[in-house]
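Numbered by mature numbering (1 follows the signal peptide of the UniProt record, and there is no 0), the letters in the sequence shown go through residues -39 to -1, 1 to 958 in order. We put the beta carbon where it would ideally sit given N, CA and C, even for glycine. In this text the structure is predicted, and so the values were computed from the model without any measurement. Below: one structure, written as C-alpha cells.
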Amino acid sequence: MKSSYKCQGMQRTCVRVPQLSAITLALAAAHLAPQDAYAGVYTASNQSELTAAVSAANADPDSAATIRLTASFAFTGQTLVTSKNITIDTQGFVLTNNYSSTPINSTYTFEGTYVGAASATTPGTGLSVGNGVFTNNGNVTGGDGIGAGVGGNTGIAVSARATLTNNGTITGGSSASYNASAGGPGAGVTLSTLNSNLVNSNSGVITGGTSAGGVSGNGVYSGVSVGNSIVNQGVIRGGAALNGGTGGMGIRLTQGTSTITNSGLIEAGDGAAAIYMFRPVGNLTIVNSGRIYAGSGYANAIEFATGAGLSTLELQAGSDIRGNVIASATNTADIFRLGGNLDDQFDVSSLGAQYQNFDIFEKTGTSTWSLTGDSTVTTPWQVKEGTLQLGNGGTSGTLAGDVAVDSGATFAFNRSDTYTFNRQITGAGGVAQNGSGTTILSDTYTYSGPTTVNLGTLAIDGSITSPVTVNAQGTLSGNGTVIGNVSNSGTITPGGGSGVLTIDGDYIGNGGVVAVNTVLGDDSSATGRLVITGDTSGTGTIRVTNVGGLGAPTVEGIKLIDVQGLSNGLFSLAGNYTYQGQPAVVAGAYAYRLYQNGVTASSDGGWYLRSSLDAPVTPPVTPPVTPPVTPPVTPPVTPPVEPPVTPPVTPPVEPPVTPPVTPPSGPLLAPTVALYESYSSVLQRFNELGTLQQRVGNRYWQPDAELQSEAKDGRPAIGRGAWVRAEGSDSQIDPSSSTSSANYDVHLWKFEAGFDAPVYESDAGTLVVGPTVHYGTANSSVTSQYGDGSIDVTGYGFGGAATWYGNDGTYVDGQATVSWFDSDLRSSQLGKKLETGNRGNGVAAGVEVGHRVVLNDIWSVTPQAQLSWSQVRFDSFTDDYDAKVSDDNGDSLVSRLGVSLDRETQWTGSNGKTSRSHLYGITNLYYDFANGTSADVSDLHVKSEERALWGGLGVGASLNWDDDRSMLFGELLGRTSLQDFGDSHSVGAKVGVRVMW
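Laid out in C-alpha cells, this is it:
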C-alpha cells in the first residue's frame, strides 16, 4: 500500500491517503505476496505549507515524496533541507524566489515554473541549490534587474558539492543595462567553487539573460572552482545582446580546475566567446564531440587561461568548432588531443591558425583520426591509443613534426598520391599503409611495432626496425632495409621494381609476389633484386617486367633474389607461357625460365632467370625418417641336415650399358621465333608462278583440224579471249635447316583472271600478250619445339604475260606479277596475336620454253624448262615482347625441267562444230638455287632453308568445244622433296575456263 498526505493551510500534520502503488499492482498481477511501498504526496499553497510539507516528507518513511502547489506564491529566505528525493511540482502555478541565497539543499526534482523575483536592487535567483543532487524538468528563470545598472540574477545557482541535471529550460534574468561579465548575474546557471557539477541533457536548454545595451548574461558561469564539471548534451547559449550591447558567453569560468564535456551546442551571443577562462590561471579540460560556436562578430570560440595552468582540448567524432581556440602563449604543457572511440577526420592546416599555442599533440581512444590538409607546425605527435592516419584517401594530409607511437597504437598513411614522410617515427607502436598511393619512408626509423601494408605501396628508402606484413592488396617497395622478418601475401617490388631492397631477417611467403623490372638480356643485365639475409620459407611468385631488354643467351643467369640463409622457400615464375611444364617469360627472340641456385655456385640458394634449354631442377624434398622396427625374436629351429648340393656355376652376366643422355643445350628461343622465321617462306608460297599450261590450258592442236580459229599445218589455236582460273594447294614443309627447328604447312587458295590477244603474227608464229589480276589467301600453321602459331595472309595483285607460239611447236612464255600482302601472326603458346595487318609485297618473274614433238596423229611429247625468280618483303615491326622483327632475305630462284606426254582427240558434233580434248601427264624436277629465307629478330638472325631438289607428277586436261570458242582446263599436281623423300610435299589442283572470240 502507499498513502498520500494532504496538508492544508498552515497545518503541521497532513492526512495520509492509502494508494496502491504500481509495484504493488504488478506483484499482485503476478500472484506474488503484496508488499507495502510508500510515496508521500503533499500539497502547498504558500511558503509555510511548503516548509511543513518538506518536514512531513522527511519524517515519512517513504523513500520519496512529491509536493504539489495549489497556488502561486513567493518563497523568502528559508532553507529547505531534505533527507530523501523530493519532487516539487508547481502544476501550472509559479514559485517565486525572493532571495539570492541557497534555500534548497539535498535531493530535489523540480517540475513546473520557477521564477526569481524582479528587483531594482537585488533580484532573486530562479532556484538556489547546494549540497545534493538536483534535477530540473521545468522552466526556471532568474529575476530581472529593474532599472539601469541592475543586472538580472541567475536562473539556478549551484553551490558547493551539488550536482544539477537539467532536462528543462533555465534562463538568466534580464536587465535594462548591466555588465554581467563582472560576477555572473544574469547567467542561466552559476556554479560555485567546490565540486559543483552540471549535466545538461539533450532536452535541456540553458540561456543567459539579455541586456539592453550592456553585456548579456552567460549561459553558465563558474566561479573560482575546484573540480567543477559541466556535461552538455543539449544547448548552452549566452544571452542575446540588445540595442548594440555585447552578447553573453556560452560558458564563463573564473579560475581553478574544471572539465567541460560537450556533445550538444555551446554558443555565445554576439561579440563573445563560447567558452572563456576569465583569470590567467586555470586548469580547464574540454572534450568536444558537439558544436561550439563563437558569437557573431567575434573571432574566438574558446579562450583558455592566458597564464599558468593546464589547458586541454580533446576533439571527438562530430566535433564542430567555429572560431579560434586560444591556449596560453606562456604555458608549455597545453594539450591538443584527438580522442574518442568513433572515427573522424581533422584538417591539420588549422593547427597554429584556428588552434593556437598548444604545446602537445596527442591521439587517444580506439578511434581512427584521419588528418587532412597540410601542417607546418613542427610540434611532435604522440599516438597513445587507436590510429592516427595521414590522409583520408585523397592527396592531402601532411605533418611537419615527429611522431611517437605507443605500444598497441598505430600511425597510418592513407593518401592516393606519392608522399614522402621524412620525419622521425619512434616508439613501440606500429605503422600501417592504408591508402592507394605510395608512401616513402626516406629516413632511419626506430619504431619497433609491426608494420602492415594493407593497400597501395610503402617504399622503404631508409631503414625501419620492424616486422612487416604485406597483405593481399599491399605493396612493399624501396631501396632501403627492413630490419625484421617480412611476411608477404601481397607484392614486394624492390626499388619500385628496378632497385635493391634488403630484408635483414627472414622471408615468409604466403603466396605473395616479388615483382622486379629487368632489362632481359645476358648475365650482366640490370635488374631489381630482393636481398634476404635470413631464411626463406613458404611459397610465392616472381613477376618479371622486361624494360627494353632484347633477350640474349645466359650462362649463370640474372639473379633476382639473393638468399643468404636457408633457401627453403619455393618461388614460381609468372610467365608469358609454359615451356616443358615450366613458366617462361619472353624478351625479343629469347625466353627465360626460373632456376634455383647458380651454375657456378650450385647451392647458393638464389633465384635466377636463364634463357637456357636446360630444365630447371626442383630441389629434392627430404622425406621424414622412419625409425626402424625391430622384429620379434623367434627361437631358431634346427632343420634336418641335408647332404650338400653343389650349385651349378652360372657365368657372370654383363649389365646392359645405358648410353648417357645428353641434355639439350643452347638458348631457349621465344615461341615467336618460329613464326618470324617462317613468315617469308609462307609469302613465297603465295608468290609462286605457275606454268603456261596451268595458266591458259592447251593452245597446240594437231594440224588437220580445219577451224576458223586455227591455221593449217599445225599452227596454234589463237584468238582473243578471257580466262579465269582457281587453284588450291596444301603444302607440308620440313626445312632442311631451321634456326628454330620449325615445320609449317600452307593452305593456299588463289583466284586469277586475264585477257590475252595476238599482237603479232607471221609465218613463224604468233605473239600473244595480256594482263592478269589475282587474289587469294594463304593460311599456315607453324610448329616448333619452342612454340607453335599461325600465319594468315591475304594477297592481291596484277601481272602480265607474253607468249610466242611458234608454228614449229616451239613456245616461249614470259610472265611477271606484283602482289601486296596483309598478314596476321598469332602465337598459340602466348594466346595472342603478335602482329595484325602487317603489310608486305612480292614480285615474281619467270620464263618458260618448250617444244612440242608430234609422235602420231594422237600422241606427242613436250620437253620444257622454266626459271622463276620471286622476291617477298614485309614491313618491320616490334612485337609486345620488344622483339624487333625485319626481313633479311625473301628471294627464291627455282628451275624446273619437265616433259609431258600428250594425247589429243577431236570430233564433230551434229551442229557441225568441232570439239576436242587434250589429256596429258607431266613429270618435273625442281631445284632452288637460293639459300632459303631469313629474318632478323632483334639481334638474332633466323633462317629457314627448304630442301633444294624436288620432283613432281601431274595430270591435266583441256576440253574445247564450239570450234575452240570455249575451253575448260585443269591440272592435278603432286610434288615432294627428293632428299628425305616425302618429308616435304605439296598437292594441289588448278582449274580454269577460257572464252575466245
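- If you ignore the 5 residues before and after S905, its C-beta comes within less than 7 Å of the C-beta of E638, S639, S642, P696, S699, A703, G893, T894, all in its own chain and listed in chain order.
- Collapsing the DSSP output to three states places L555 in a strand.
- Contact between L511 and A548 holds, since their C-beta atoms are separated by about 7 Å, short of 8 Å.
- With fewer than 16 other beta carbons inside 10 angstroms of its own, D849 counts as exposed.
- By the C-beta density criterion, W868 is exposed, having fewer than 16 other C-beta atoms within 10 angstroms.
- Here DSSP, grouped into helix, strand and coil, assigns N19 to helix.
- Here DSSP, grouped into helix, strand and coil, assigns Q825 to strand.
- Taking a C-beta distance under 9 Å as the contact criterion, R298 and T327 do not qualify as a contact pair.
- Straight through space, the alpha carbons of V429 and V338 are spaced by roughly 30 Å.
- A straight line joining the alpha-carbon of L650 with that of A844 spans about 33 Å.
- For the set A687, T633, D724, the Cα lying nearest the Cα of V846 is the one of T633.
- The three-state reading of DSSP puts S9 in helix, counting H, G and I together.
- Runs of beta strand (DSSP E) with 3 or more residues, each lying fully within the stretch 767 to 803, are found at 771 to 788, listed in chain order.
- Using a C-beta cut-off of 8 Å, the stretch 178 to 185 makes contact with the stretch 213 to 231, since at least three inter-stretch Cβ pairs fall below that distance.
- Looking at the DSSP output, S438 shares a beta bridge with A420, T454.
- S310 carries a helical assignment under DSSP once its states are collapsed to helix, strand and coil.
- Between V119 and N161, the C-beta gap is not smaller than 9 Å, which leaves the two residues out of contact.
- If you draw a straight line from the Cα of V366 to the Cα of E517, it comes to about 46 Å.
- Nearest Cα to D774 within the set F782, D783, G761, S784: G761.
- Counting along the chain, R571 sits inside the beta strand (DSSP E) bounded by residues 568 to 571.
- For N449, the pairing in a beta bridge is given by DSSP as V431, G470.
- G199 is positioned such that its CB atom lies no closer than 9 Å to that of T222.
- Counting of Cβ neighbours within 10 angstroms places Q541 among the exposed residues, the total staying below 16.
- About 6 Å separates the beta carbon of T412 from that of G391, a gap short enough to meet the 8 Å contact definition.
- Within the same chain, T154, T215, Q216, G217 come within 7 Å of V185 by CB-CB distance, once the 5 residues on both sides are set aside.
- N100 counts as buried, since no fewer than 16 other beta carbons sit within 10 angstroms of its beta carbon.
- Measuring C-alpha to C-alpha distances from R122 to each of S80, G73, E72, S67 identifies S67 as the nearest.
- The Cβ neighbour count for P455, taken over all protein chains shown within 10 Å, is at least 16; the residue is labelled buried.
- Residue burial is scored here from C-beta neighbours: R857 has at least 16 other C-beta atoms within 10 angstroms and is therefore classed as buried.
- Approximately 14 Å separates the beta-carbon atoms of I47 and N97; this is outside 8 Å, ruling out the contact.
- Secondary structure of E649 (DSSP, three-state): coil.
- For S837, there is no enclosing beta strand (DSSP E), as DSSP gives it neither H nor E.
- In this structure the stretch 495 to 511 touches the stretch 461 to 481; the number of beta carbon pairs closer than 8 Å is three or more.
- In this structure, the alpha-carbon of T37 lies about 38 Å from that of E264.
- Bridge pairing for L854: W830 [DSSP].
- For the 9 Å CB-CB criterion, R834 and G798 do not form a contact.
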